[in-house]
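Residue numbers (this note's numbering): 594 to 698.
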């Protein structure tokens, strides 16, 4: 499932990169035709990149939230929950070892 999410994110990044390239070409054509200034082109491109980052972050957050919901619905353990349980077991094993040593004395 992680591979599928990674693939989606990479696809999104590829689309964004292609979109930026097309936007740069379009803006350059407009500058060359005198329709906009190079400063306006730069401002538009910065806004485009900013909006793209915001959209990417929103998509990533929605994806994470949905995955958490799916993990919960499927009763799957998250890595944090697994690590917490693992640490508890290690602490309990250590306590048992200490108790056994005390009992042998």
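Cβ coordinates follow ideal geometry from the N, Cα and C atoms, glycine included. The structure presented is a predicted model; accordingly, all values stated were derived computationally and were not measured.
Contact under 8 Å by Cβ, residue i with residue j
i	j	result
residue 616	residue 652	no
Cβ-based burial, residue i [other Cβ within 10 Å; buried from 16]
i	result
residue 620	buried
residue 634	buried
Three-state class that DSSP yields for residue i in the structure shown
i	result
residue 671	coil
residue 619	helix
residue 656	helix
residue 611	helix
residue 626	coil
Distance, residue j Cα to residue i Cα
i	j	result
residue 660	residue 624	44 Å
residue 666	residue 680	25 Å
residue 687	residue 663	35 Å
residue 644	residue 612	12 Å
residue 646	residue 626	29 Å
residue 631	residue 614	16 Å
residue 670	residue 676	10 Å
residue 695	residue 656	51 Å
residue 672	residue 678	10 Å
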